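Below is one structure, written out as structure tokens, with a few remarks after it.
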Ligand code: RAM
């Protein structure tokens with residue numbers, strides 16, 4: 003009995019130390035990572051009776067620090083792990099680069115974590131580091147932004163790529179009134195998710211209904227606020243006939259919304275945005291730049307990445323097409339992905355409009 007109480011106290015202490023550590027910067031996040039692995043040792047001693055099925059450390063690496071979307075994803079991962087009573091570590095690189103993520107992957111391999119869920123800053127550049135991780139027995143899934151197929155067991159996709167492409171193209175067509183110039187303001191040029199959405203939009207644009215639209219430029223704000231503002235201002239001044247900007251990035255769309263409204267421009271904006279950041283810019287009158295936009299729940303996406311990591315580690319799934327599993331969010335199936343690997347799709351994109359934005363802005 004005493005031993006059980008001790009085990010329970012140890013678990014509470016461990017979870018508390020991990021929660022405190024999940025900060026938003028690389029420095030803040032890196033320190034508790036070490037604590038997490040060090041603290042894992044006494045838990046093993048206690049397994050005799052406390053016996054959590056998975057007693058390793060589950061890692062999450064976001065694209066970069068300072069992006070509230072990434073923090074919501076991490077929050078979801080953390081919440082799921084807390085609910086399951088498992089150990090975890092969350093890392094946010096300082097910049098949205100592959101190099102920063104490779105350093106973190108190597109650190110996690112040295113710490114012998116059980117799994118890594120990663121939002122990839124580059125599809126191919128992470129491959130050697132992730133292959134080394136997999137060779138060491140670490141289960142890998144990508145989430146939000148995929149690695150290439152060889153670098154993961156499975157990708158946790160927020161929504162089907164084709165649906166996102168179709169949805170955004172239809173929004174552009176609608177806001178342009180069926181014809182005219184439009185531009186894309188993206189994140190980094192190597193971001194797998196934005197690049198696949200842009201490719202999907204271009205494919206849709208080949209249809210007859212979109213023939214009178216002209217895509218004048220794809221600009222990159224690197225998911226940095228000021229760079230995204232500067233890129234938007236450049237689009238506004240370089241293309242006086244521009245009708246619509248589509249920003250498939252939460253950082254980009256918010257920066258573009260402000261830049262368009264500050265310039266008093268009539269250019270309309272759509273894309274993928276966080277309701278909490280975009281509420282002031284959503285409206286159908288001239289004073290608002292964004293009549294409507296889309297997203298999914300980034301907290302649930304982070305949770306799903308946690309559940310998938312656990313399912314990979316405990317062997318419920320291997321990541322092969324046809325694998326199924328059930329978690330607190332529902333039933334999921336692993337399906338073939340367009341890049342030759344496999345994926346699990348969280349759900350369809352959701353529209354945010356003047357009618358529902360007030361309700362959603364407090365949620366995420
Ligand atoms: C930004 C990031 C993220 C993307 C969202 C829509 O926050 O680029 O990867 O999924 O936008």
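Residue numbers (our numbering): 3 to 366.
Cβ atoms here follow ideal geometry from the backbone N, Cα and C, with glycine treated the same way.
Since this is a predicted model, take the numbers as computed values, not measurements.
Which residues share a DSSP beta bridge with residue i?
i, result
"residue 89", "59"
"residue 347", "159"
"residue 142", "118"
"residue 271", "247"
"residue 297", "352"
"residue 221", "187"
Could you compute how far the alpha carbon of residue i sits from the alpha carbon of residue j?
i, j, result
"residue 284", "residue 134", "45 Å"
"residue 74", "residue 64", "10 Å"
"residue 230", "residue 317", "42 Å"
"residue 338", "residue 323", "6 Å"
"residue 344", "residue 326", "12 Å"
"residue 101", "residue 224", "15 Å"
"residue 184", "residue 241", "9 Å"
"residue 335", "residue 346", "6 Å"
"residue 264", "residue 361", "26 Å"
"residue 350", "residue 304", "16 Å"
"residue 156", "residue 289", "44 Å"
"residue 139", "residue 117", "9 Å"
"residue 211", "residue 180", "8 Å"
"residue 352", "residue 359", "11 Å"
"residue 110", "residue 61", "8 Å"
"residue 237", "residue 85", "46 Å"
"residue 7", "residue 294", "Any answer about residue 7 is weak, because its pLDDT of 35 lies below 50 and its placement is not dependable; what the coordinates show is given next. For residue 7 and residue 294, the distance between alpha carbons rounds to 53 Å."
"residue 119", "residue 142", "6 Å"
"residue 132", "residue 182", "44 Å"
"residue 315", "residue 216", "47 Å"
For residue i, count neighbouring C-beta atoms within 10 Å of its own C-beta (all shown protein chains included) and say buried if the count is 16 or more, exposed if not.
i, result
"residue 320", "exposed"
"residue 254", "buried"
"residue 365", "exposed"
"residue 311", "buried"
"residue 287", "exposed"
"residue 357", "exposed"
"residue 209", "exposed"
"residue 266", "exposed"
"residue 150", "buried"
On the premise that residue j lies in contact with residue i, defined as a C-beta separation below 8 Å, what is that separation, rounded to the nearest angstrom?
i, j, result
"residue 147", "residue 128", "No, residue 147 and residue 128 are not in contact; Cβ-Cβ is about 11 Å, not under 8 Å."
"residue 115", "residue 306", "So it is not a contact: roughly 19 Å between Cβ atoms."
"residue 252", "residue 71", "4 Å"
Fill in: Runs of beta strand (DSSP E) lying entirely within the stretch 312–364, each at least 3 residues, in chain order
326–329, 332–335, 344–347, 352–354
Practice prompt. Mind listing, in chain order, the continuous beta strand (DSSP E) runs of no fewer than 3 residues lying wholly within the stretch 180–219?
Written response: 182–188
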